[in-house]
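Residues in the sequence shown are numbered from 12 upward in steps of one, following my numbering. Ideal Cβ positions, reconstructed from N, Cα and C, are used throughout, including at glycine. Read through the structure below, which is laid out as C-alpha cells, and then see the notes.
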Amino acid sequence: MIALVAGEVAVRRPDHVVVETSSGVGYRLNVSAETLRHVPAAGAPVSLHAHLVVREDALTLYGFATEAERDLFLLLLGVQSVGPKVAQAILSGAPPRELMSALARGDAKRFQAAPGVGKRTAERIIVELRDKVGPAGGTAPAEGSDPLRADDPRSLAREGLEELGYAPAEVDELLRGVMGDTAEALIAAALKASRR
C-alpha cells in the first residue's frame, strides 16, 4: 500500500498533482482543493499522505496534505453512497477540523454544500460518522465547556493525539482523568501519564 509520496511537484492542476520521486517515477495524485492549497508550485519539494483506491478497471491514487484529511477521507468512504469523488468534494469545502466539528454538531447543510451530496446523503454521513469523530466520540468534555465547540481544549487534544498515531480508543484512555486548561497541557499530561 502506498502511504506517502515525496518528491518534486512536476504538475499542479485544480484536481490533481504529479509528484516526481527521486527514482524518476511520477505519481499522479487526485487532491482536494484543501490539499491543493498546501501544494507548492512546480519544481518545489512536496510530501503528501496517500491512499490507493483499487477498482476492477482502475488504480487511483489520492493525496492529502495531512493525515487528518486522509483519515476523514477513509471514514467518508465507509458511508453508503459516498465514493472517492464525493468524499473529495466534501474535503474541498473546509479543513478537516471544521468538517469534524460540523459532524459533531450534526450540521447536515455543511455537507449538502458539496457537489453530489443531497439531503439524504448528508444526513447519512452525520448518522454514520457523528460518533466516530470529535467530542461526540466518547471523550468527556472539560467541566463547564461546550462539548460541541471546535476550539474545546479536550477536543483539540483528542485530535492532536490521533495525529500522533494513537487510535481513538487509546486516546480515550490517555485523556481519561487528565486535567489541563489548554490542548497542549492535556496532551503533555496524557503522554506523561502513559509513560508511568
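- Burial is judged here by how many other beta carbons sit within 10 angstroms of a residue's own beta carbon; Gln91 has fewer than 16 and is exposed.
- For Glu67, the three-state secondary structure derived from DSSP is coil.
- Measuring C-alpha to C-alpha distances from Tyr73 to each of Gly54, Ala52, Thr46 identifies Thr46 as the nearest.
- Where Leu85 is concerned, the enclosing alpha helix (DSSP H) starts and stops at 78-88.
- Between Glu134 and Ala119, the beta carbon gap of about 5 Å places them in contact (Cβ cut-off 8 Å).
- As computed with DSSP, Ala61 is found in a beta bridge with Gly74.
- Nearest to Val28 by C-alpha distance, out of Glu67, Leu70, Val36, Asn41, is Asn41.
- For the 8 Å CB-CB criterion, Ile101 and Gly117 do not form a contact.
- Judged by DSSP secondary structure, Arg121 falls within the alpha helix (DSSP H) whose first and last residues are 119-123.
- Inclusion of Ala98 and Phe84 in the CB contact set at 8 Å is warranted, their separation being smaller than that value.
- For Ala133, the uninterrupted alpha helix (DSSP H) run begins and ends at 130-140, by DSSP.
- In this structure, DSSP gives Ala44 a helical state, which the three-state scheme calls helix.
- Excluding five sequence positions before and after Glu173, the CB atoms of its chain that fall closer than 7 Å to its own CB belong to Pro179, Val182, given in chain order.
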